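Novice: Line by line, the protein sequences are chains A, B and C. Numbering of the first sequence is given in the numbering used here, commencing with residue 1 and proceeding in unit increments. Numbering of the second sequence is given in the numbering used here, commencing with residue 1 and proceeding in unit increments. Numbering of the third sequence is given in the numbering used here, commencing with residue 1 and proceeding in unit increments. C-beta atoms are modelled at their ideal positions from N, C-alpha and C, and glycine is treated no differently. If you're wondering where the values come from, they're calculated on a predicted model, not measured in any experiment. Here it is, the structure in full.
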Amino acid sequence: MSRPFPYTYISCPCADTPVPDPARKRRSRESPQKPTPERNTETSEDQGETKQPNEKGQDEDEDEEQTFDPRSPRSNFSLYPPEQLLYCEDCHQIKCPRCITEEIVSWYCPNCLFETPSSMVRSDGGRCGRNCFNCPACTAPLAVSTIENVTGNSSGQGPWVLSCSYCLWTTLDIGIKFDKPTNIRSQLQKMTDSTTAPTFDARSRQGSRAFGDLKSPLSNFASIDEQSNAGERDAEQSSSKEDATPTPHLGAEARFAALKNFYRTQISETSNSPNDPLSSEFGFSSPGALNRLMSLYASSSRLSGLYGGNKKPKSKPPVMREALTASEGLRIASEDTDTALIERIPSSDCGWDGVASITQRTEQSPDVRFVDELLPLPVLLRTKRAKRCKSCKHILVKPETKPQSTRFRIRLIALSYIPLPTLRPLAQPSASSISGLGPTPDLNALSPLRPYHVLLTLKNHMFDPVRITLATPSVTPGSVATKVTVLCPQFEIGANSDVWDEALQNATAPLSDRITGMRGGEKVPEAGKVWEKGRNWTTVVLEVVPGTLPGTQAEDGRASDIDIAASLQKDEDVLEIPVFVHMEWDAEAQLEQQNVGKASKPDDLVARELAYWMVLGVGRIQASL
Amino acid sequence: MPPKAAKGEYIETDTGNKISRRSQIHGTQHIILGGKTVIQAEAVIRGDLYRLPSTASTDPSNPPQPSNAPSVAITVGRYSYISKSAVLRPPSRLHRGVHSFYPLKIGDHVFVGESAVIEAASLGNHVHVGAGATVGSMAIIKDFAVVLDGAVVPPGMVVPSWCVVGGRPARIVGEVGEGYGVEGAEGGMARERYRVVGRP
Amino acid sequence: MATLKPPPASHRSSSSSHTPTGPPKAPLKVDPSATIADTAVFQGTYPVTVGAGTVIHPRARFYAFEGPIFVGDGCIISEKAIIGAAPGTSASTRPSPSSSTGPSPTSSSTDVTLSTPQIQGQGQGQETATRISYFVTIGPHSTVLPGANVHSSATIESLVTINRYADVGAHSKICSGCQVPVNGSVPEWTVVFGSGVGQRRKRARIAREPAPAVMVAAQVAQLPVPPPAPEGKIIEDARLMVLQKEREVLGRMIVPAGAGKKK
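Rendered as structure tokens:
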């Protein structure tokens, strides 16, 4: 989501230390750089030399001293809107979605908002097992509606269909109706389930995709195979092949199930340790499979004495065979099907609109080629997830389990710790008296070389007052050099004393403050002075002089607008200011004790500091003057 | 953000609702605003499409008078913001042979973007509906959900909390951060939005 | 919690009439059973014809400057829908100045003004008729530009643009936010959805065979193939019936224009 101007992003420091590193824990305490005026000028000089973002990556070791470049390719991975960031109280560091791990708290269907027990998730295929379906044509949710209810008088009468109220697809498009309005999933399952032949028990047919309890048609033979010699086995196979000839070609799911079963039996048959329960339970990647492979080598080599020396190596290692019959899942592609497909596509009843699109087909079984083969898709489940710090494993976010609840048991968001930055343009630059500008400048068309004043408000959500030092490069990185000056780089923000105070004051105090600030036209941004100050927020002024876009001439600006736009890289004209924020505060030791558990004297104030980069998206610079 | 309007563009009610004089509100007696709600110019709010009493078989020439207990067509919570040219229209459907309108409930701190068309059954608290989006009939948008600009939420869709939906038809494309809705941050700008409305 | 106060009377024009200085009021020819909201706007020099049972929501706008507008029976034209184009700027969103100094009877003057467009039409050259056929629904914020032809039982959802001379087939649906290009044509029983010009999809009209997956399953299970499902058309019949009910309800609820309602 791109955001409208003005916006603020905060850089997660994890981009500088890609590997989770316990040493990083200390970083917030020994803040890496002290932003001083000297440094400020230094970086700006650096910046003048290294304009290309590509060069940035080369001097990794100097990274700490570098100005943060919002256009650097790496910045994509570290810049986040403030509300997406978390804060680890243990590491004392900002945590972005890249430096946390997630674990699933609960599964729920986004359509019916019912929780699915985790035991059911697997058997339901991670999809809603109730009546929630997505339209196979357009993905909109499908509604269960009755056909016979046209007159409206006899509600509760079937038959029923699933219908999409967006693209008007219904299951009648694929010639399906349902006898009752509940348990659509299992009704549909029954209709399309070709996994079981009628000779097998009905239990497995009901179980939706529970492949585990399906029995292979060859499972009987498998046990015989074990004892039978090779000649007998061949006979068995040929007989089974004959049995299978009347079997029609299976559906994709059924074939998958048959193949899976077939290979599972093959593994268990050919395994040297058939008693191993793992081999049958978990298939190929299980320790059983590994065991089988190992014993294959072991039996044929002299190492056999070392591995399981007590076991006698078999004279002939059993060899897995491939699926041979249709009931085992084998399907031989026939030429006719392809020809039929090709003939059908240009036919008048199909055409372009009759062929399923790639996006439609990705959700369907691989055999589906045409829109009248699309089956409704049970809604994919979503999850509520808890989040942990990757380095210290402390839990940062834990939502309540219930799908409908929006509350959290634990929610350590960065906004509770770092000041919330908000940006807004100051009405009219006092210096300029050019007519034609509105009371507030149009941020989508900033004129180059004209000074703008931007108000940066930092709002403190901690219960301790914070000392802030801001630093910006005097010229922004990138090919458009914009001059930036923070008129008051050092200031304090008051403590967030009380929630109720805030609620009461919010409506009145800032309003009156700002009105005086605005109406009193004499209020001029002054260097070294805070623009405005509230109970837990402070506003300072940034003076911004947008640079000219490359190739812009003051005179011919109009004529070559298009050329300039073409020559510019995408969003090169967006004015983004990197700001280094260094905050210091005295945390109460009690708080510290609770969270860290380290012994520290009560009543003691522990000095804390935190430093990070943020990026202010001020606006877009016009090509012409 | 609201355009700078001429002074007096907004009428402020006792409960602090700021309603543009150029808004197009119908059936005001069936609309409840929770206070501090902003309705911008040319926004159409169809309070006249309220749920008729089930026994009402009145002749078409004489619409039933909402004399004693006017049924509510649209409720809007506090600090919600209805942008320019948005259309709020109660959803309707046929149920047991009777076609009737159902109330449209809009929660607190909701933002409805410019030219958006809302026919939802409910928009929860802190819901953001982008400009030019359509929320179809009987859709339910839960708290802290975001409908991106130009999205078309199909009729009857449910958007869970914290989810971001976009596209046509809308599908879940992401989730907002845990800090969404914190006062002053994204999703929590409603007070600030309200404050600047109608200021000279 | 407070019930909203009604907006000032000056913003609820009691009729869609105009001042002499305002844009010309289109001559209306309305079937008595049609319901036209008082805040619907009819402008232009050509006649606007509205068929029986049609419901026109408040704030719908008709601009008959380039040719007559025909709206058939049983249509629903929603809020802020624009049929036709305002003169000059086609995307004029400003409603007509609604100072109701002289509320003139709306459609009683039909006979008088009917001759006017013909003269106007000759002056402007070719006239471009906009046709909306029977049982058409047009959603909020949608625009049907002059020369477009929307066939019967079509659905135009919200924020749709039907460009000039476009043709929307019967029983078709243009989903929200889609456009039909200039001279574009949407066949009948087609759904246009997605973004921009969108994707298209043919609706089922006749009974279809069950999907292959079902056939295979039945074959494997050696069960009879499920009996054929009803024709897809039945869904459309149901939809139109619901539409009929909706129109009936709306006809009772919408505050009609004083003169437009001839009971």
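(1) Look up C/D237 in the DSSP assignment and say whether it is helix, strand or coil.
(2) Taking C-beta pairs closer than 7 Å, name the residues in chain A that C/E209 reaches, listed in chain order.
(3) Candidates C/R239, C/M241, C/P212: which alpha carbon is nearest A/P366's?
(4) Cα separation between B/P154 and A/S11?
(5) Near A/V371, what residues of its chain come up, given a Cβ to Cβ distance below 6 Å and the 5 sequence neighbours on each side ignored?
(6) Under 9 Å between C-beta atoms, does C/K173 make it to chain B?
(7) Please state the DSSP three-state secondary structure of A/P451.
(8) Measuring straight from C-alpha to C-alpha, what distance separates C/V50 and B/E9?
(9) Using DSSP with H/G/I as helix, E/B as strand and the rest coil, what is C/R185?
(10) Among all the DSSP beta bridges, which residues are the ones paired with B/G174?
(11) Mind pulling the chain B residues with CB within less than 8 Å of C/P140?
(12) Taking the C-alpha atoms as reference points, what is the distance between A/C167 and C/W189?
(13) Report, in whole angstroms, the separation of the C-beta atoms of C/R201 and A/A137, which I expect to be a contact under 8 Å.
(14) With a 10 Å radius around its C-beta and 16 neighbouring C-beta atoms as the bar for buried, classify C/N183 as buried or exposed.
(15) In its own chain, which residues sit with a C-beta less than 6 Å from the C-beta of A/E62, not counting the 5 before and 5 after it?
(16) For a test of the three-state rule: what should DSSP assign to A/A323, helix, strand or coil?
(17) For C/V225, count neighbouring Cβ atoms within 10 angstroms of its own Cβ and tell me buried if that reaches 16, exposed if not.
(18) Tell me whether A/A611 sits in a helix, a strand or coil according to DSSP, three-state version.
(19) Is it buried or exposed, A/W352, if we count other Cβ atoms within 10 angstroms and call 16 or more buried?
(20) Going by the beta-carbon positions, is the gap between B/E183 and B/G177 smaller than 9 Å?
(21) Any beta carbon from chain C within less than 9 Å of A/D367's own beta carbon?
(22) Could you check whether the Cβ of B/Q203 sits closer than 9 Å to any Cβ belonging to chain C?
(23) Please tell me whether C/K202 has its Cβ less than 9 Å away from any Cβ of chain A.
(24) Cβ of A/V484 less than 9 Å from any chain B Cβ?
(25) In terms of residues, what are the limits of the alpha helix (DSSP H) holding B/R193?
(26) How many Å lie between B/I32 and B/G107 at the Cα?
(27) Nearest by alpha-carbon distance to A/M550: which of A/A333, A/L449, A/E253 is it?
(28) When you compare only the Cα positions, how much space is there between B/G27 and C/H57?
(29) By DSSP's criteria, A/L86 is part of a beta bridge. Which residues make up the other side?
(30) Let's test the definition: count the other Cβ atoms within 10 Å of the Cβ of B/S57 and tell me whether it reaches 16, buried, or not, exposed.
(31) Applying the 10 Å Cβ sphere with the 16-neighbour rule, what's the burial state of B/K142?
(32) Do you know offhand how far C/Y134's Cα is from C/S78's?
(33) Between the beta-carbon of A/R86 and the beta-carbon of A/V397, is there less than 9 Å?
(34) Starting from C/I77, find everything on chain A with Cβ-Cβ shorter than 9 Å and list it in chain order.
(35) Compare the C-beta of C/S153 with all C-beta atoms of chain B and state if any pair is closer than 9 Å.
(36) Is it a yes or a no for the segment 11-22 of chain B touching the segment 613-624 of chain A, going by three-plus beta-carbon pairs under 8 Å?
Specialist: The relevant details are as follows:
(1) Residue numbering aside, residue 237 of chain C sits at position 237 when the third sequence is read from its first letter. Of the three classes helix, strand and coil, the one that applies to C/D237 here is helix, per DSSP.
(2) The residue labelled residue 209 of chain C in the question sits at position 209 within the third sequence. Simply G175.
(3) On the first sequence, position 366 is the one that residue 366 of chain A refers to. When each option's Cα is compared against that of A/P366, the closest is C/P212.
(4) The residue given as residue 154 of chain B occupies position 154 in the second sequence. The residue given as residue 11 of chain A occupies position 11 in the first sequence. Distance between the alpha carbons of B/P154 and A/S11 is about 36 Å.
(5) What you label residue 371 of chain A is simply residue 371 of the first sequence in a count that begins at 1. Result list for A/V371: G354, A356, in chain order.
(6) The residue given as residue 173 of chain C occupies position 173 in the third sequence. Chain B, which has no Cβ nearer than 9 Å to the Cβ of C/K173, makes this no.
(7) Translated into positions along the first sequence, residue 451 of chain A becomes position 451. DSSP places A/P451 outside both helix and strand once states are collapsed to three, so it counts as coil.
(8) Start at 1 with the first residue of the third sequence, and residue 50 of chain C comes out as number 50. Start at 1 with the first residue of the second sequence, and residue 9 of chain B comes out as number 9. Each residue's alpha carbon lies about 35 Å from the other.
(9) To locate residue 185 of chain C, count along the third sequence from 1; it is residue 185. In the sequence as presented, Arg is not what sits at residue 185 of chain C; that position holds Ser. Three-state DSSP puts C/S185 in a strand.
(10) As a working note, residue 174 of chain B is residue 174 in the second sequence. Under DSSP, the beta-bridge partners assigned to B/G174 are B/V164.
(11) Taking the third sequence and counting its residues from 1, the one referred to as residue 140 of chain C is at position 140. Per Cβ cutoff of 8 Å: V44, V87, R89, V117.
(12) In the first sequence, residue 167 of chain A corresponds to position 167, counting from 1. In the third sequence, residue 189 of chain C corresponds to position 189, counting from 1. Using only the alpha carbons, I get a separation of about 11 Å.
(13) Start at 1 with the first residue of the third sequence, and residue 201 of chain C comes out as number 201. Start at 1 with the first residue of the first sequence, and residue 137 of chain A comes out as number 137. Sure, about 6 Å apart at Cβ, within 8 Å.
(14) Your numbering for residue 183 of chain C matches position 183 in the third sequence. It counts as exposed.
(15) On the first sequence, position 62 is the one that residue 62 of chain A refers to. Only weak support is given to the placement of A/E62: the predicted model assigns it a pLDDT of 44, under 50, and the value that follows is read from those uncertain coordinates. There are no such residues.
(16) Residue 323 of chain A sits at position 323 when you count from the first residue of the first sequence. Reduced to three states, the DSSP call for A/A323 is coil.
(17) Reading the third sequence from its first residue, position 225 is the one you call residue 225 of chain C. The residue in question, C/V225, is exposed, as its Cβ has fewer than 16 Cβ neighbours within 10 Å.
(18) Translated into positions along the first sequence, residue 611 of chain A becomes position 611. Reduced to three states, the DSSP call for A/A611 is strand.
(19) Counted from its first residue, the first sequence places residue 352 of chain A at position 352. Exposure of A/W352 is indicated by the presence of fewer than 16 other C-beta atoms within 10 angstroms of its C-beta.
(20) In the second sequence, counting from the first residue as 1, residue 183 of chain B sits at position 183. In the second sequence, counting from the first residue as 1, residue 177 of chain B sits at position 177. Their beta carbons are not under 9 Å apart, which means B/E183 does not touch B/G177 by this criterion.
(21) Working through the first sequence from its first residue, we reach residue 367 of chain A at position 367. By this cut-off, A/D367 is an interface position.
(22) In the structure as shown, chain B begins at 1 and stops at 200. Residue 203 of chain B is therefore absent and cannot be evaluated.
(23) By one-based count along the third sequence, residue 202 of chain C stands at place 202. Taking Cβ atoms only, chain A reaches closer than 9 Å to C/K202, which makes this a yes.
(24) As a first step, residue 484 of chain A must be located in the first sequence, where it is residue number 484. By this cut-off, A/V484 is not an interface position.
(25) Reading the second sequence from its first residue, position 193 is the one you call residue 193 of chain B. Segment 190-196, the alpha helix (DSSP H) holding B/R193.
(26) For the purposes of this step, residue 32 of chain B is taken as the residue at position 32 of the second sequence. For the purposes of this step, residue 107 of chain B is taken as the residue at position 107 of the second sequence. B/I32 and B/G107: Cα-Cα distance of roughly 11 Å.
(27) The sequence position of residue 550 of chain A within the first sequence is 550, counting from 1. Met is not the amino acid found at residue 550 of chain A; the sequence shown has Pro there. Residue A/L449 is the option with its Cα nearest to A/P550.
(28) Indexing the second sequence from 1 puts residue 27 of chain B at position 27. Indexing the third sequence from 1 puts residue 57 of chain C at position 57. The straight-line gap from Cα to Cα measures roughly 13 Å.
(29) One-based indexing of the first sequence puts residue 86 of chain A at position 86. Answer by DSSP bridge pairing, in chain order: A/K95, A/I413.
(30) If you number the second sequence from 1, residue 57 of chain B lands on position 57. The predicted position of B/S57 is uncertain, since its pLDDT is 44 and thus under 50; no value can be drawn from it.
(31) For the purposes of this step, residue 142 of chain B is identified with residue 142 of the second sequence, where counting begins at 1. So B/K142 ends up on the buried side.
(32) As a working note, residue 134 of chain C is residue 134 in the third sequence. As a working note, residue 78 of chain C is residue 78 in the third sequence. Their Cα atoms are separated by approximately 15 Å.
(33) Here residue 86 of chain A refers to the residue found at position 86 when the first sequence is read from its first residue. Here residue 397 of chain A refers to the residue found at position 397 when the first sequence is read from its first residue. Note that residue 86 of chain A is Leu in the sequence shown here, rather than Arg. Cβ atoms of A/L86 and A/V397: closer than 9 Å.
(34) By one-based count along the third sequence, residue 77 of chain C stands at place 77. Correct list: empty, because the minimum Cβ distance to chain A is about 20 Å.
(35) Translated into positions along the third sequence, residue 153 of chain C becomes position 153. Contact with chain B is absent for C/S153, since none of that chain's Cβ atoms lies less than 9 Å from the residue's Cβ.
(36) no
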